[in-house]
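*Asks:*
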Amino acid sequence: MAVSPPPAKSLPLTALRAFVAAARLGGFDAAAQELGVTPGAVSAQIKSLEDAMQAPLFDRRPKQVALTALGARVLPQFTAAFDQMNAAVRHLREDAQPGTVHIATLPAIAQYWLSPRLPALRAAMPDTEVSITATEEPPNLKRTPYDLCLFYGGDQGTAIEQDVIFPLCAPALAQQLHEPADLQDVPCLSDAVWAQDWDHWLQSSCPGQGLHLRRPQYSLYALAVEQAVNGAGVLIGHRALVAPFDIPASLATGLAAVEPARPRPAQRCGAGGALAG
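Given below as structure tokens:
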């Protein structure tokens with residue numbers, strides 16, 4: 001009677017995904033951020049994979065990791081396998097939900113730009129469902145497929161609008177601000193994702209003035225907007241988010257623009273938008 005060998009023990013998918021992410025991004029911290037887990041969890045998953053294989057896949061070095069020869073050799077095969085699996089998932093989802101559009105975007109864009117447009121979109125496409133995922137980073141479309149991604153800047157994709165940034169605050173606070181130097185006396189608010197917005201605006205609208213601003217940051221743009229409406233400081237605002245085109249802004253009665261003493265023309269800022277003086 002023939003005896004079949006025992007089936008090979010399957011490797012945990014989470015460990016393989018952690019290995020591919022860490023190898024592609026060059027470290028456990030970056031992989032953890034993409035996967036939504038802790039660096040310790042990524043390290044433990046990869047260690048379990050190495051224990052199962054009885055061979056190291058990474059050389060651990062101070063503040064960095066590098067693939068071993070074995071890890072570098074098998075990485076392309078695992079990467080291709082995950083790409084094929086994700087493509088299969090995308091096709092499965094398209095066949096299972098043929099009338100659903102999946103959108104990924106920044107939380108601020110989802111709340112202030114996209115949400116006001118959804119009623120018109122649903123009216124124009126009544127048979128289409130819209131699914132929205134709010135995320136701070138553009139997704140890797142090979143691994144997490146979406147039909148549409150809306151983000152600021154970047155070298156990939158198609159530009160659909162040029163944004164403008166400018167200071168905003170509650171009307172009562174605006175009455176206390178008469179020249180750019182007055183901004184040094186109040187908190188100047190910003191979203192942590194756009195921490196450089198104040199620098200960009202100062203360079204465009206107040207060059208050479210050497211202003212030193214108090215700049216508290218918020219992890220969510222909505223929190224910074226709420227604080228500005230409540231008079232807690234001056235927000236560096238994005239026109240597309242606080243006054244989206246021809247849609248009446250819900251913030252229109254709560255915020256006022258702060259104009260510099262000598263307005264300057266709008267200037268382009270990288271690939272993502274423009275600066276207004």
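Just so we're aligned, residue 1 is where the sequence shown starts under full-length UniProt numbering, counting upward by one. A virtual CB, placed ideally from N, CA and C, is assigned to each residue, including glycine.
1) Applying the 10 Å Cβ sphere with the 16-neighbour rule, what's the burial state of L13?
2) Mind listing, in chain order, the continuous alpha helix (DSSP H) runs of no fewer than 4 residues lying wholly within the segment 11-87?
3) Specify, as a first and last residue, the run of the beta strand (DSSP E) that V101 falls within.
4) Is there contact between the segment 163-171 and the segment 116-127, where contact requires at least three CB pairs shorter than 8 Å?
5) Out of F58, A232, K63, which one is the CA nearest neighbour of L189?
6) Does DSSP put P248 in a helix, a strand or coil?
7) When the Cα atoms are used, what is the spatial distance from G34 to Q45?
8) Just to confirm the assignment, what range does the alpha helix (DSSP H) spanning P145 have?
9) Is the beta carbon of A224 sitting closer than 9 Å to the one on L211?
10) Please state whether the Cβ-Cβ distance between A108 and A222 is less than 9 Å.
11) Let me check understanding here. Comparing Cα to Cα, which of L202, A170, A192 lies closest to P180?
12) Can you check whether the CB of L106 is closer than 9 Å to the CB of V193?
13) Measuring CB to CB, does V89 end up less than 9 Å from S131?
14) Which runs of the beta strand (DSSP E) spanning at least 3 residues fall entirely within the segment 146-224, listed in chain order?
15) Just to confirm the assignment, what range does the beta strand (DSSP E) spanning A134 have?
16) Tell me, to the nearest whole angstrom, how far the beta carbon of A124 is from that of A170; I am working on the premise that it is less than 8 Å.
17) List the DSSP bridge partners of I236.
*Replies:* By the coordinates alone:
1) Within the sequence shown, residue 13 is the residue found at index 13, counting from 1. Around the beta carbon of L13, fewer than 16 other beta carbons sit within 10 angstroms, so the residue counts as exposed.
2) 13-25, 28-35, 39-53
3) Looking up residue 101 in the sequence shown gives position 101. Per DSSP, V101 belongs to the beta strand (DSSP E) from 100-105.
4) no
5) Taking the sequence shown and counting its residues from 1, one reaches residue 189 at position 189. Of the candidates F58, A232, K63, the one whose C-alpha sits nearest the C-alpha of L189 is A232.
6) Locating residue 248 in the sequence shown gives position 248, where the first residue counts as 1. Only weak support is given to the placement of P248: the predicted model assigns it a pLDDT of 37, under 50, and the value that follows is read from those uncertain coordinates. Here P248 sits in coil by DSSP.
7) Start at 1 with the first residue of the sequence shown, and residue 34 comes out as number 34. Start at 1 with the first residue of the sequence shown, and residue 45 comes out as number 45. The sequence shown places Glu at residue 34, rather than the Gly named in the question. Whole-angstrom Cα-Cα distance: 15 Å.
8) The residue given as residue 145 occupies position 145 in the sequence shown. Per DSSP, P145 belongs to no alpha helix (DSSP H) and is neither H nor E.
9) In the sequence shown, residue 224 corresponds to position 224, counting from 1. In the sequence shown, residue 211 corresponds to position 211, counting from 1. The answer is no: Cβ separation not under 9 Å.
10) Here residue 108 refers to the residue found at position 108 when the sequence shown is read from its first residue. Here residue 222 refers to the residue found at position 222 when the sequence shown is read from its first residue. In contact: A108 and A222 (Cβ atoms closer than 9 Å).
11) Here the question's residue 180 lines up with position 180 in the sequence shown. Comparing Cα positions, the closest option is L202.
12) Locating residue 193 in the sequence shown gives position 193, where the first residue counts as 1. Locating residue 106 in the sequence shown gives position 106, where the first residue counts as 1. Going by C-beta atoms, V193 is nearer than 9 Å to L106.
13) Taking the first residue of the sequence shown as 1, we reach residue 89 at position 89. Taking the first residue of the sequence shown as 1, we reach residue 131 at position 131. For V89 and S131, no; Cβs fall outside 9 Å.
14) 148-150, 163-169, 188-191
15) For the purposes of this step, residue 134 is taken as residue 134 along the sequence shown, with counting starting at 1. Where A134 is concerned, the enclosing beta strand (DSSP E) stretches over 129-134.
16) Taking the first residue of the sequence shown as 1, we reach residue 124 at position 124. Taking the first residue of the sequence shown as 1, we reach residue 170 at position 170. With 8 Å as the limit, A124 and A170 do not qualify as a contact, their Cβ atoms being about 36 Å apart.
17) Counted from its first residue, the sequence shown places residue 236 at position 236. BP columns for I236 point to P167.
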